[in-house]
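Numbering (our numbering), first residue to last: 36 to 438. Glycine is no exception: its CB is placed at the ideal position from the N, C-alpha and C atoms. All remarks here apply to the structure that follows.
Spelled out as structure tokens, the structure:
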């Protein structure tokens, strides 16, 4: 039986496609340190868990396609902390995770074969969302040698053509940890205004900024409101990845009215999880600050340990909880499989995401990997030791094969 040409052109996620190898390793009794996926080990706020345990309704019924009013009002209060005070619940569409929000944005703004410009490396699953919408991603490349800073605005302008509908950013960035400054966002917005295109910004990691860096939301520029779409999610901020609650936030009511057609087709976002998300917003500021400090310590530890490994080059993330590293190997995916299939150190190994598919441009990222520092410090130390000894073993194996 032949599968569709459409699905045959999709890539398997580099974050998850090596899971069969990790499960096989675990079945052999190997402890796998999972740094391949942004699944934190930090506990979900008690307020959210208590809301699930105390769910009172006799029926888990269909809700509003645009999301429950109480949750959207809760988000309005949350955005006020960032000085964004002119929104109302009609500016928010609750989605089934930030992933659906990106998908809705592409399908609302684009016809088949329209284009969106994206800095690379980028969150790899955006490629699948774009493929579903039949949207072409046009890359502007940032480099590990430059710390993955935003490429010059002129590089973005060179890529704008008749089919360009917008630019999509992620700040703080997954996978690089770069935080776009107010000036960088303003320059991109001016470019979007000049060419009459949209700016979509994934702000899922906005709380996680380090070294005293501040965060600027794209919603802080109301003068560009007709072309700004913010993507949000509860997954990372409150360690609620499995709840699948996200949002599209925009002052452009026409965008939301049309995205609602897609939301109505999938009926409604998860009901119980919306109750949990609403209560998560009531968690004290100390919860978020403790989480941020925890990730900053984890970042410092893992980067420090990996910088000691000969041949490893790490970018220093300013935010989120990922970074990209160049490894002294011929192929990061082959090395990742070796680590899961043929290697262990003191009964353990480490799993990471090969970075090649975090690039649109073929051939880039071949020896790079994304690491998520989402586990406790003991696990991170073990991961660094496994990586060090794994690289030594891999080089010996490659040299032996070459003899």
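{"Item": "Just the C-alpha distance for residue 226 and residue 187, rounded to the nearest angstrom, thanks.", "Value": "12 Å"}
{"Item": "What does a CB cutoff of less than 6 Å around residue 195 pick up in its chain, not counting 5 residues either side in sequence?", "Value": "230"}
{"Item": "Determine whether the beta carbon atoms of residue 237 and residue 203 lie at a separation below 9 Å.", "Value": "yes"}
{"Item": "Decide yes or no for the touch test of the stretch 116-130 against the stretch 140-158: beta carbon pairs closer than 8 Å, at least 3 of them.", "Value": "no"}
{"Item": "Spell out a yes or no on whether the stretch 256-268 and the stretch 57-64 are touching, meaning 3 or more CB-CB pairs, one atom from each, closer than 8 Å.", "Value": "no"}
{"Item": "Measure how close the beta-carbons of residue 283 and residue 291 come, nearest whole angstrom, since I'm counting them as under 8 Å.", "Value": "7 Å"}
{"Item": "Tell me whether the stretch 78-94 and the stretch 304-313 touch, counting them as touching only if at least three CB pairs, one residue from each stretch, are closer than 8 Å.", "Value": "yes"}
{"Item": "Touch check for the stretch 413-429 and the stretch 58-76: three-plus C-beta pairs under 8 Å?", "Value": "yes"}
{"Item": "How many Å lie between residue 164 and residue 84 at the Cα?", "Value": "30 Å"}
{"Item": "Taking buried to mean at least 16 other C-beta atoms within 10 Å of its own C-beta, is residue 162 buried or exposed?", "Value": "buried"}
{"Item": "By Cβ distance, which residues of its chain are closer than 7 Å to residue 206, with the 5 residues on each side in sequence left out?", "Value": "214, 215, 236, 238"}
{"Item": "Which residue wins for smallest C-alpha separation from residue 319, given the options 82, 285, 389, 400?", "Value": "82"}
{"Item": "Please state if the CB of residue 128 and the CB of residue 295 are separated by a distance shorter than 9 Å.", "Value": "yes"}
{"Item": "Apart from the five residues on each side of it in sequence, which residues of its chain come closer than 6 Å, Cβ to Cβ, to residue 99?", "Value": "none"}
{"Item": "Output yes if chain B places a C-beta closer than 9 Å to the C-beta of residue 368; else output no.", "Value": "Absent from the structure is chain B; it holds one protein chain and no more."}
{"Item": "If I follow the unbroken beta strand (DSSP E) through residue 265, where does it start and stop?", "Value": "263-268"}
{"Item": "Please report how far the alpha carbon of residue 151 lies from the alpha carbon of residue 191, in whole angstroms.", "Value": "11 Å"}
{"Item": "Residue 342 to residue 210, Cα distance in whole Å?", "Value": "18 Å"}
{"Item": "Could you tell me how far apart the beta carbons of residue 260 and residue 286 are, in whole angstroms, since I believe they sit closer than 8 Å?", "Value": "4 Å"}
{"Item": "What are the uninterrupted segments assigned as beta strand (DSSP E) that are 3 or more residues long and contained completely in the stretch 71-156, given in chain order?", "Value": "127-130, 150-155"}
{"Item": "Which complete alpha helix (DSSP H) runs does the stretch 187-255 hold, if anything under 4 residues is left out?", "Value": "188-193, 217-230"}
{"Item": "Measure the Cβ-Cβ separation of residue 160 and residue 183 and say whether it is below 9 Å.", "Value": "no"}
{"Item": "Going by Cα to Cα distance, which pick from 353, 398, 359 is closest to residue 331?", "Value": "353"}
{"Item": "Between the alpha carbons of residue 391 and residue 360, how many angstroms are there, rounded?", "Value": "12 Å"}
{"Item": "Given a cut-off of 9 Å, decide if residue 101 and residue 298 are closer than it, judged by their beta-carbon atoms.", "Value": "yes"}
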